[in-house]
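In terms of our numbering, the sequence shown opens at residue 146 and continues consecutively.
Quick reminder that beta carbons are idealized off the backbone N, C-alpha and C, glycines included.
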Amino acid sequence: MRQIAKGRWRGILLALGLDERTLSGKHCACPLCGGKDRFRFDDKDGRGTYFCSGCRPGDGVHLAMGITDLSFVETARRIEQLAGVVQPVTRTPERSDDDKLDALRRAFRESKPIERGDEAHRYLAGRGLALYDLPESIRLHPGMQYRDDETSGMFPAMVSLVTGPDGKAVSIHRTYLRDARKAPVAAPKKLMQGLPLAGAAIRLTPVSEVLGIAEGIETALAASELFEVPTWSCISTAGIESFEPPEGVREIVIFADHDANFAGQKAAYAAAHRLKIRGFEVEVCVPPGVGDWLDELNRRAHAEALAHEELVKSRLLADLERLRAGGASHAEMLAHLERQTHEAGGHRNL
């Protein structure tokens, strides 16, 4: 069945109801998981292949089964029927791996290390991160092209090197920015076309015996800040599941997302099982509330700020009561209140 359909997948999938834009070869919404701009139909060797950073990659059969919700036997029968009437597609040559790597190197050369106060630093700080150390693998590009079906333009971008288990670059992750926030586009986070991502990660720290992994970049930085464990970003649940520890890693801490649909937890425990049976020490940490470890970092910071305010208020009330009992005038008590309020505000802004 796969041999009969080879080279005809575009027509078959269109006949099964897929949108023309989904098969354009550009990043778009995933027809299987619904994720925005994470799906790309690449049809390698005419096999109907696709990649989604949220789902596992697959071929035309997997895609056909997913969009029709039919059994394998029913899907195969339908594909064979359509393959007999759909004309094969004349394929355009794919970019070579060398061309893809040249584009990655060029983008990285055009970027510069993050500096305190620049667009990328302000973006990360605005997410609630302390940024004690600025990773060398994350840089700021002054302007990268963004294009989707509705928007086209140049934006500064935080670019992060995606590295394979062998230590070689396989892609670049881009976060398009405007005014220290994500750019107002449909998919502000995109991967450049590169080499296969299986096992790869954004290395935010050097290799260490104990290593943490998380999905997003900001989540990994938050986990590192909370637990003082060097943590890398695997980009997605698929990245967590396929992560390959490099030489020198003995113990892995998986900082999972707490997803309402259990996608993050499922990926974390699947990875934990795979790595454990290979001899690694593995621990899975899931935040107590729905969200990721960046959400938890900000929840804790908010709780600490509220607790500090309550402490300041209680001390201030005690001071005022002491002054009143000592016979202080209203003006003296007001001056003390203003002085203490000013000092508390100063401490809060440090």
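Checklist entry - Looking only at its own chain, which residues have a Cβ that is under 8 Å from the Cβ of H492, when we skip the five neighbours before and after it? => result On the sequence shown, residue 492 is found 347 positions in, with the first residue counted as 1. A caution first: H492 carries a pLDDT of 47, below 50, which makes its placement in the model too unreliable to give a value.
Checklist entry - Quick one: what's got a C-beta closer than 6 Å to T364's C-beta in the same chain, skipping five residues either side? => result Taking the first residue of the sequence shown as position 1, residue 364 is located at position 219. Once the five neighbours on either side are set aside, the close Cβ partners of T364 are D437, W438 and L439.
Next on the checklist: By the DSSP assignment, the beta strand (DSSP E) with M299 in it spans what residues?
Outcome noted: Taking the sequence shown and counting its residues from 1, the one referred to as residue 299 is at position 154. Segment S297 to T308, the beta strand (DSSP E) holding M299.
Checklist entry - Looking at Q148 and S245, is the spacing between their C-beta atoms short of 7 Å? => result The residue given as residue 245 occupies position 100 in the sequence shown. The residue given as residue 148 occupies position 3 in the sequence shown. The question names Ser, but residue 245 in the sequence shown is Lys. With contacts defined by Cβ atoms closer than 7 Å, K245 and Q148 do not form a contacting pair.
Item to check | Rounded straight-line distance, which links the Cα of A448 to that of F186 | outcome: Stepping through the sequence shown from its first residue, residue 186 is reached at position 41. Stepping through the sequence shown from its first residue, residue 448 is reached at position 303. Our two residues, F186 and A448, have alpha carbons roughly 45 Å apart in a direct line.
Checklist entry - Does DSSP classify I380 as helix, strand or coil? => result Your numbering for residue 380 matches position 235 in the sequence shown. Three-state result, I380: coil.
Item to check | Collapsed DSSP secondary structure at V394 in the structure displayed | outcome: Numbered from 1 along the sequence shown, position 249 holds the residue referred to as residue 394. Residue state, collapsed to three classes: coil.
Checklist entry - In three-state DSSP terms, what is G288? => result Taking the sequence shown and counting its residues from 1, one reaches residue 288 at position 143. Reduced to three states, the DSSP call for G288 is strand.
Checklist entry - Run through DSSP, which three-state label would F186 get? => result Counting from 1 along the sequence shown, the entry for residue 186 is found at position 41. Three-state DSSP puts F186 in a strand.
Item to check | Straight-line Cα distance separating G273 from V206 | outcome: In the sequence shown, counting from the first residue as 1, residue 206 sits at position 61. In the sequence shown, counting from the first residue as 1, residue 273 sits at position 128. Distance between the alpha carbons of V206 and G273: 43 Å.
Checklist entry - What is the rounded straight-line gap between the Cα of D556 and the Cα of D204? => result Coverage of the chain is limited to positions 146 through 495, which leaves residue 556 absent and any answer about it impossible.
Checklist entry - Taking the Cβ atom as the reference point for each residue, do E386 and A412 lie within a distance shorter than 7 Å? => result Along the sequence shown, read from residue 1 onward, the residue named residue 386 stands at position 241. Along the sequence shown, read from residue 1 onward, the residue named residue 412 stands at position 267. Yes, these two residues count as a Cβ contact at 7 Å.
Next on the checklist: Out of A470, L208, H475 and L306, which one is the CA nearest neighbour of H286?
Outcome noted: The count along the sequence shown starts at 1 and reaches residue 286 at position 141. Of the listed residues, the one whose Cα sits closest to H286 is L306.
Checklist entry - For E354 versus R395, is the C-beta spacing smaller than 7 Å? => result Working through the sequence shown from its first residue, we reach residue 354 at position 209. Working through the sequence shown from its first residue, we reach residue 395 at position 250. Contact: yes.
Item to check | Inter-residue CB distance, E281 and P310 (contact presumed, cutoff 8 Å) | outcome: Numbered from 1 along the sequence shown, position 136 holds the residue referred to as residue 281. Numbered from 1 along the sequence shown, position 165 holds the residue referred to as residue 310. Actually they do not touch by this definition, with Cβ atoms about 19 Å apart.
Checklist entry - Okay, do the segment 210-228 and the segment 154-162 touch, 3+ Cβ pairs below 8 Å being the bar? => result yes
Next on the checklist: Can you tell me which residues form a DSSP beta bridge with G436?
Outcome noted: Here the question's residue 436 lines up with position 291 in the sequence shown. Paired residues: H403.
Item to check | Extent of the continuous beta strand (DSSP E) run through K181 | outcome: Taking the first residue of the sequence shown as position 1, residue 181 is located at position 36. Run containing K181: none; DSSP gives neither H nor E here.
Item to check | For E455 and G479, the rounded distance between their alpha carbons | outcome: Within the sequence shown, residue 479 is the residue found at index 334, counting from 1. Within the sequence shown, residue 455 is the residue found at index 310, counting from 1. In the sequence as displayed, the identity of residue 479 is Leu instead of Gly. C-alpha of L479 to C-alpha of E455: approximately 19 Å in a straight line.
Next on the checklist: Using C-beta distances below 8 Å, list every residue in its chain close to E165, excluding the 5 sequence neighbours before and after it, in chain order.
Outcome noted: For the purposes of this step, residue 165 is taken as residue 20 along the sequence shown, with counting starting at 1. So the list reads L159, once near-sequence residues are dropped.
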